[in-house]
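Going by the working numbering, 48 is the number at position 47 of the sequence shown; the sequence numbering is gapless.
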Amino acid sequence: MSPFAASLSDADMADLAAYYAAQRPLPRPATTDRVKVAAGRELARQHLCVSCHRPGLTGHEQVPRLAGQDLTYLVKMLRAFKAQTAGDLDGTMTTAAQPLSEEDIENLAHFMATLPPSP
Numbered sequence: 002m003s004p005f006a007a008s009l010s011d012a013d014m015a016d017l018a019a020y021y022a023a024q025r026p027l028p029r030p031a032t033t034d035r036v037k038v039a040a041g042r043e044l045a046r047q048h049l050c051v052s053c054h055r056p057g058l059t060g061h062e063q064v065p066r067l068a069g070q071d072l073t074y075l076v077k078m079l080r081a082f083k084a085q086t087a088g089d090l091d092g093t094m095t096t097a098a099q100p101l102s103e104e105d106i107e108n109l110a111h112f113m114a115t116l117p118p119s120p
């Protein structure tokens with residue numbers, strides 16, 4: 002992405018940002034497990050996910066939306082943060098993921114995938 006973005010003017014970047022910001026998230030139906038969703042809801046509360054990702058896990062500015070993301074994507078990213086292989090601007094997610102077990106990751110992902118993907 003960097004080589005492409007390097008050739009964009011400030012106006013081009015602003016136009017692209019406005020375009021993508023105006024897009025409505027599409028629902029990503031996933032087959033989730035009710036028990037995992039309930040456990041994930043409690044884990045999200047314990048780990049204070051809303052302190053960065055906002056109520057409803059809708060994200061803002063550089064903090065991504067988690068609500069309604071694809072289940073497989075959420076698991077992949079949480080595993081990558083735990084393994085310290087995901088891009089992490091300030092290290093917050095890498096630190097937050099360290100105490101998570103594989104079961105915790107699955108449970109959190111199931112919970113997040115069930116949330117409505119409101120912008």
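Virtual Cβ for every residue (Gly too), placed ideally from N, Cα, C.
Bear in mind the structure is a predicted one, so any value in this text is a computation, not a measurement.
Opening and closing residue of the alpha helix (DSSP H) in which residue i lies
i: A7; result: 3 to 7
i: C53; result: 51 to 54
i: H111; result: 103 to 115
i: R46; result: 35 to 47
i: D16; result: 11 to 23
i: T86; result: Counting along the chain, T86 falls outside any alpha helix (DSSP H), and DSSP gives it neither H nor E.
i: A97; result: 93 to 98
Bridge partners - residue i, DSSP secondary structure assignment
i: V64; result: H61
Burial state of residue i (16 or more Cβ within 10 Å)
i: F5; result: exposed
i: L67; result: buried
i: L63; result: Residue identity check: residue 63 is Gln in the sequence provided, not Leu. With fewer than 16 Cβ atoms within 10 Å of its Cβ, Q63 is classed as exposed.
i: E43; result: exposed
i: H61; result: exposed
i: E103; result: exposed
i: Q125; result: The requested residue 125 is not part of the displayed model; the chain covers only 2 to 120.
Rounded separation between residue i and residue j - CA only
i: G92; j: T59; result: 20 Å
i: L109; j: D11; result: 37 Å
i: T115; j: A19; result: 27 Å
i: L90; j: F82; result: 12 Å
i: Q47; j: T95; result: 17 Å
i: T33; j: M14; result: 37 Å
i: S119; j: P26; result: 7 Å
i: V38; j: A23; result: 29 Å
i: G69; j: Q99; result: 23 Å
i: A7; j: D16; result: 15 Å
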